[in-house]
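Here is the structure we will look at, set down as structure tokens.
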Amino acid sequence: MAGCSAIRSKQTLSDPTVRADSSGRKTLVFATNNGEIGKFGINGRVDSGVIDAPLEIWHREGTAVKSIKLRVWMPEVATESPPKVAIASPVEGDSSPPPSVALYTPDRALGTVIEVSELNDLADETISILNLLIKPVTETATKLTIHTTIELTSSGVLERDYTLNGELQLTYSELNN
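Each residue of the sequence shown is one higher than the one before, counting from 90 in this note's numbering.
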């Protein structure tokens, strides 16, 4: 249709429901009146003093992940000694080049930031290839906070794009042993 442009809108969802299976396994569920839009989950465990935190990002059919931004910190020691954070998984799809990944310490915010963009063939599927390793630098730190911002785009002309903002607070008491 000549002269027609897409009628798109954008909605930010920043009040997710938290589902907790345990203190180290939680999921943020982002929903509207029309159902679930996306989920961000962590199933973390401690191994040799390191939190092994596989992530899973699910999103509604007809949407694609444009970008993922995570900020990771441990509140008990956030201003003194941030944890060491690494990405352990190969972040790549089946047939496209790997996405752009940045890992840095922000100037004016606590913690470490991980940004993933240009997801190519990963964008339209459930993403379960990100695995964070978090090593506290002090033995007293047992709480982990992860703030997530996920940008979703929709493929339909009358569809809506979404920004999913939320925060998970997890506790790993076994770090204190």
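We treat Cβ as the ideally placed atom computed from N, Cα and C, and that holds for glycine.
In this text, all values refer to a predicted model and were calculated from it rather than measured experimentally.
Runs of the beta strand (DSSP E) lying entirely within the region 107-176 and spanning at least 3 residues, in chain order: 114-121, 124-132, 134-136, 139-148, 152-162 and 173-176. Minimum Cα-Cα distance from residue 256 among the listed residues 164, 124, 250 and 190 corresponds to 164. Under the three-state reduction of DSSP output, residue 256 falls in the strand class.
Apart from the 5 residues on each side of it in sequence, residue 101 sits with its Cβ closer than 6 Å to the Cβ of 252 in its chain, given in chain order. Residue 243 is a Cβ neighbour of residue 151, given a cutoff of 8 Å. Counting C-beta atoms within 10 angstroms of its own C-beta, residue 115 has 16 or more neighbours from the protein chains shown and is therefore classed as buried. Close CB contacts of residue 217 within its chain, under the 6 Å cut and outside five residues either way in sequence, are with 145 (chain order). Taking the C-beta atoms as reference points, residue 194 is found no nearer than 8 Å to residue 231. Across the structure, residue 162 and residue 225 are spaced so that their CA atoms are roughly 9 Å apart. Straight through space, the alpha carbons of residue 197 and residue 111 are spaced by roughly 32 Å. In the DSSP annotation of this structure, residue 265 is not part of any beta strand (DSSP E), being labelled neither H nor E.
Here the C-alpha atom of residue 207 lies approximately 36 Å from the C-alpha atom of residue 262.
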